[in-house]
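Residue numbers (my numbering): 294 to 838. From the three backbone atoms N, C-alpha and C, an ideal C-beta is built for every residue, glycine too. As the structure is a computational prediction, the values presented were derived from the model and not from experiment.
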């Protein structure tokens with residue numbers, strides 16, 4: 294299934310006043326721009342224009358592929374929260390637009406994310422071009438558009454270093470390219486590439502105070518684009534902590550998502566439940582343009598520059614994308630309390646000390662006596678800390694048993710999330726690494742060479758595992774925004790979440806040790822940044838004397 298990113302924006306010069314919108318559809322795996330849409334819509338409010346931009350972006354994505362999954366990114370907190378179902382829609386002009394947007398794709402096929410204004414400049418420039426064209430009595434035309442993506446896509450200014458997706462050298466080059474000045478980018482306070490101000494300065498700071506569901510302070514000053522409060526405090530600051538109207542024509546600093554190979558979790562060593570090489574848990578009609586490069590996402594395993602001669606699959610690259618591209622250096626203030634995932638690997642099973650492959654396709658062992666003792670000690674430690682607000686577990690017996698012991702001590706229920714299960718190791722389940730080497734030498738070599746390779750007998754590749762874990766992560770982040778959640782899971786999911794949070798290359802997994810019943814923690818902020826706060830802590834398992 295293809296995945297698209299839709300970025301949309303809208304503006305009004307007067308609020309209400311002459312208004313327009315812009316939207317861009319890109320491939321989630323490659324960042325390639327697939328379609329653009331923009332339109333001058335006459336006199337309207339800022340928020341109505343934003344909703345019109347959302348509609349145009351969703352329609353353009355549906356025209357490309359009605360079966361695709363779509364991730365919408367907008368700098369309108371109001372639209373994102375309302376379309377996510379967390380805020381009520383009271384304004385009569387926006388209710389029908391929101392209802393229509395909800396029907397473009399089937400429920401569950403579209404997700405929403407708020408991004409800072411400076412990371413939405415492509416759609417913003419399209420909206421301004423549409424308003425500029427409207428002021429001249431002309432329709433917006435893609436042939437005259439100058440709203441180029443913030444970073445080169447099809448033709449980079451300089452070739453990036455070769456290497457597998459997620460290679461640290463290539464990633465650093467992308468960061469440098471993203472931070473470099475670009476032709477046509479205006480300095481803060483200047484004008485946009487088309488020579489016009491953003492058009493949504495202090496004059497539209499009045500907001501849509503009747504459109505939301507709460508006071509302006511709660512809604513970020515109605516999410517107006519001039520002199521607004523981008524954060525939840527509503528203190529009259531912009532998203533970057535400055536006061537007054539936001540700068541016009543500001544270059545975004547947005548970077549393409551880092552694409553990296555999925556977890557090749559083959560370095561668990563003595564801490565794993567599998568062999569030393571690691572075995573996962575055991576181991577109006579708008580104008581729309583489409584660039585000539587509008588091609589489907591590449592099929593899995595068909596490229597030739599990844600590990601073992603094959604670039605990681607699209608699912609692999611999607612999984613390796615960060616929750617949102619973090620800022621480099623000292624970023625602006627975050628958007629409030631993070632969602633914190635406390636990651637608990639389950640306690641020992643009878644297979645753990647034998648270092649056998651133990652994934653989701655084998656005998657599904659329960660905890661051993663030692664494993665239950667480890668779970669009890671972990672429960673006591675977490676109860677002393679008193680920070681866990683919810684418990685989510687993999688569906689496998691060893692994780693549900695560990696989670697049940699901890700949750701009983703904390704007075705919480707256990708929610709099961711299938712995406713947190715361990716890799717299915719197929720015919721290798723229950724075998725040691727040496728036994729696999731003896732029985733399936735060629736399959737093992739292929740598996741060690743590429744995260745796209747599957748274990749013998751129809752097992753699950755690490756690329757597929759990583760895509761599944763990343764999807765579960767995003768689902769849980771949306772559900773537990775601003776809360777501390779204990780995720781009771783396995784070696785591969787824990788290492789996957791840690792590596793993606795760090796933006797580390799695949800080989801970093803060879804340098805991670807993850808013990809049974811160990812604790813790790815990652816905090817995810819609404820501005821897109823992730824912070825690893827703890828890794829492989831086993832202090833709670835040590836004797837207290």
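Determine the contact status of residue i and residue j, defining contact as a CB-CB distance below 8 angstroms.
i: residue 636; j: residue 780; result: yes
i: residue 732; j: residue 709; result: no
i: residue 411; j: residue 362; result: no
i: residue 696; j: residue 681; result: no
i: residue 367; j: residue 308; result: no
i: residue 330; j: residue 350; result: yes
i: residue 276; j: residue 656; result: With the chain represented from 294 up to 838, any question about residue 276 goes unanswered, as that position is not in the structure.
i: residue 364; j: residue 406; result: yes
i: residue 758; j: residue 648; result: no
i: residue 786; j: residue 675; result: no
i: residue 341; j: residue 371; result: no
i: residue 741; j: residue 766; result: no
i: residue 722; j: residue 651; result: yes
i: residue 727; j: residue 654; result: no
Once the 5 residues before and after residue i are set aside, which same chain residues still bring their CB inside 7 angstroms of it?
i: residue 753; result: 716, 717, 747
i: residue 667; result: 640, 641, 809, 810, 834
i: residue 827; result: 812, 813, 814
i: residue 489; result: Note on residue 489: pLDDT 34, under 50, position unreliable in the model; the coordinate value appears next. Result list for residue 489: 421, 425, in chain order.
i: residue 298; result: 319, 321, 364, 366
i: residue 630; result: 775
i: residue 416; result: 300, 301, 302, 315, 316, 317, 346
i: residue 773; result: 632, 683
i: residue 839; result: No answer is possible for residue 839: it lies beyond the span of the chain, which begins at 294 and ends at 838.
i: residue 294; result: 360, 361, 362
i: residue 669; result: 698
i: residue 737; result: 729, 730
i: residue 643; result: 658, 661
i: residue 336; result: 309, 310, 311, 312
Taking residue i as the reference, give the member of the options with the closest Cα.
i: residue 354; options: 336, 403, 385; result: 403
i: residue 334; options: 351, 346, 769; result: 346
i: residue 782; options: 688, 343, 431, 399; result: 688
i: residue 830; options: 805, 433, 399; result: 805
i: residue 338; options: 798, 756, 650, 385; result: 385
i: residue 399; options: 679, 359, 698; result: 359
i: residue 313; options: 327, 328, 332; result: 332
i: residue 646; options: 652, 435, 663; result: 663
i: residue 756; options: 429, 744, 773; result: 744
i: residue 818; options: 836, 807, 789, 771; result: 771
i: residue 348; options: 336, 326, 373; result: 373
i: residue 436; options: 661, 653, 328; result: 328
i: residue 735; options: 722, 723, 750; result: 750
i: residue 634; options: 430, 788, 720; result: 788
i: residue 396; options: 799, 352, 792; result: 352
i: residue 820; options: 409, 380, 679; result: 409
i: residue 377; options: 670, 401, 418; result: 401
i: residue 823; options: 807, 797, 836; result: 797
i: residue 832; options: 793, 739, 671; result: 671
List the residues that DSSP assigns as beta-bridge partners of residue i.
i: residue 319; result: 298, 326
i: residue 314; result: 303, 332
i: residue 642; result: Its beta-bridge partners do not exist; DSSP assigns none.
i: residue 362; result: 296
i: residue 406; result: 366
i: residue 817; result: 632, 823
i: residue 390; result: Looking at the DSSP assignment, residue 390 forms no beta bridge with any residue, so it has no partner.
i: residue 649; result: 725
i: residue 830; result: 812
i: residue 777; result: 633
Assuming residue i and residue j are in contact, meaning their beta carbons sit under 8 angstroms apart, how far apart are those beta carbons, in whole angstroms?
i: residue 306; j: residue 424; result: 6 angstroms
i: residue 420; j: residue 303; result: 6 angstroms
i: residue 825; j: residue 795; result: 6 angstroms
i: residue 784; j: residue 685; result: Not really, about 17 angstroms apart at Cβ, beyond 8 angstroms.
i: residue 673; j: residue 638; result: Rounded, the Cβ-Cβ distance is 17 angstroms, inconsistent with contact.
i: residue 428; j: residue 311; result: 6 angstroms
i: residue 698; j: residue 730; result: Actually they are not in contact, since the Cβ atoms of residue 698 and residue 730 sit about 36 angstroms apart, beyond 8 angstroms.
For residue i, which residues in the same chain have their Cβ closer than 6 angstroms to its Cβ, ignoring the five residues on either side in sequence?
i: residue 769; result: none
i: residue 705; result: 684
i: residue 382; result: 375, 388, 391
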